[in-house]
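Using numbering that gives the first Met the number 0, you'd call the opening residue of the sequence shown number 0 and step up by one each time.
Think of the CB as a built atom: it goes at the ideal place given N, C-alpha and C, for glycine as much as any other residue.
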Amino acid sequence: MSSKPEVGVGIVGYGLMGRAHAHGYTVAPHVRDLPCLPRLRVISGRNSEAVARAAARYGVEEWTADWREVVTRPDVQIVDVCTPPGTHAEIVEAAAAEGKAVLCEKPLAAEYAAAATAARVVADAGVPNAIGFNYRRLPALALMKRLIDEGHVGDILLWRSVWLSDEFLDPDIPFDWRFERAMGASTIADLGAHLIDLALWMVGEIVDVAAQSETFTPERSGRSVDVDEASSVLVRFADGARGTFEMARTCARRPCDFFVEVNGTGGTLRFDYPRLNELWYGDARDDDVFYGLRRIRAESPRHPYARDWWPIGQGLGYGVTFVNQAADHLERWPDGPWDPDLAQGARVQSICEAMERAAAEARWVGVREIDYAR
Ligand SMILES: NC(=O)c1ccc[n+]([C@@H]2O[C@H](COP(=O)([O-])OP(=O)(O)OC[C@H]3O[C@@H](n4cnc5c(N)ncnc54)[C@H](O)[C@@H]3O)[C@@H](O)[C@H]2O)c1
């Protein structure tokens, strides 16, 4: 028996993210020596039979069809929100009112006003809180951030980011929550939130955006679709750097393919998700005989997160982001702070909303317009 204190976790939502987060808490104590042990107390979902099956598979002790039970149980200290974006704010606020720590999947809400309120309520409650920007916990992306901070690309001139999937390509896919903006948010917010978070983290504040969006299949199952299926965006960063974002769910044979790249006065860094343990780096000071980008294996024990995992060369995958996320939070239990927090989730949401407005009104939009409209 361990003498470490237990921390009760309640997960709201048993779909893809409910499974990923349960995996994170289960494996975190195997890879990191934590001050406490997470205990998966309860998971909720609207379909009793399905949530019961999920609880058994994920190793969660109990299940319920009522998320309010998760946030009010005295044996739950962390509420982990894995439901569609349009439900997040209400659940997050209810959990904070009960004094629970909160981890919420991205995007924080379907629109900025709700995200800003949720972030403020949680901050006022003084509980540890975090938004699920899990890709920050991928060793190669954490290394990219470190190399930028250490000056290896010099001053950043350009940011380039693309996220492509084919999940909306088939016009016969029936309507579900992802096609309704009030519940699923936009594609800008759903896919783009990760890219925007990485850009803010690595480059800095975004001040102006211009965008275009398209919905190629405007009706599904007899219902109208108000979500953009593909958007592309130009941005200006506060420090003068320029950038581009493209997020599209209509790209045949492109499954969750994303890449990010920075070009600076001293070099280039590029990350490509299908090769997720690697970074490409070009140093402008290199002798011309080495001209080009070199491949870095982001698995050395000196690299971020890598020492927690397998010997160099064995490779890591998507699941490690959720394990590292859970381990980082539990390591700081009970005082926190957790990072990135919901305030950063709301900040990302303000940029999503600026991009949505820029596309709708076909003009450059200052992010300040969104902040001031609160
Ligand atoms: N970080 C990541 O890598 C990543 C990946 C996928 C999804 N997400 C985010 O996680 C959240 C959940 O996505 P998912 O893919 O797990 O969804 P999912 O459809 O697989 O699961 C949704 C869960 O929410 C519950 N639910 C509650 N209210 C609902 C409603 N009104 N409509 C539909 N379901 C409802 C369902 O019962 C189910 O348990 C979203 O915010 C999504 O953007 C994050």
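CA-to-CA distance, residue j to residue i, given in whole angstroms
i, j, result
"aspartate 196", "valine 347", "6 Å"
"alanine 49", "leucine 157", "46 Å"
"leucine 39", "aspartate 340", "22 Å"
"glutamate 89", "proline 73", "19 Å"
"lysine 144", "tryptophan 200", "8 Å"
"valine 208", "aspartate 370", "14 Å"
"cysteine 224", "methionine 182", "Reading off the sequence shown, one finds valine at residue 224, where the question assumed cysteine. Roughly 12 Å between the two C-alpha positions."
"glycine 7", "alanine 326", "14 Å"
Any non-hydrogen atom of ligand 1 closer than 7 Å to residue i Cβ
i, result
"asparagine 46", "yes"
"threonine 86", "yes"
"tyrosine 13", "yes"
"aspartate 189", "yes"
"tryptophan 176", "yes"
"threonine 82", "yes"
"asparagine 133", "yes"
"methionine 246", "no"
"methionine 201", "no"
"methionine 182", "yes"
CB of residue i within 8 Å of CB of residue j, strictly
i, j, result
"leucine 168", "alanine 229", "no"
"alanine 237", "valine 206", "yes"
"isoleucine 42", "tyrosine 24", "no"
"threonine 214", "aspartate 227", "yes"
"proline 432", "proline 84", "It is not possible to answer for residue 432, since the shown part of the chain is limited to 0 through 373."
"glycine 263", "valine 152", "yes"
"proline 273", "aspartate 287", "no"
Spatial neighbours of residue i in its chain, beta-carbon cut-off 6 Å, leaving aside the 5 residues before and after
i, result
"histidine 193", "Tyr134"
"valine 126", "Ala95 and Ala100"
"threonine 116", "none"
Sequence-distant residues of its chain with Cβ nearer than 7 Å to residue i (five each side left out)
i, result
"threonine 63", "Val41, Ser43 and Val69"
"arginine 219", "Ile172, Pro173, Phe174 and Phe178"
"leucine 142", "Leu278, Ala297, His302 and Pro303"
Unbroken alpha helix (DSSP H) run spanning residue i, endpoints
i, result
"cysteine 351", "341–360"
"isoleucine 311", "Run containing isoleucine 311: none; DSSP gives neither H nor E here."
"glutamine 324", "318–330"
Unbroken beta strand (DSSP E) run spanning residue i, endpoints
i, result
"phenylalanine 270", "266–271"
"threonine 63", "61–63"
"tryptophan 279", "277–282"
Cutoff 8 Å; reference residue i; Cβ partners in own chain excluding five residues on either side
i, result
"valine 59", "Ile10, Ala21, Leu39, Arg40, Val41, Ile42 and Ala53"
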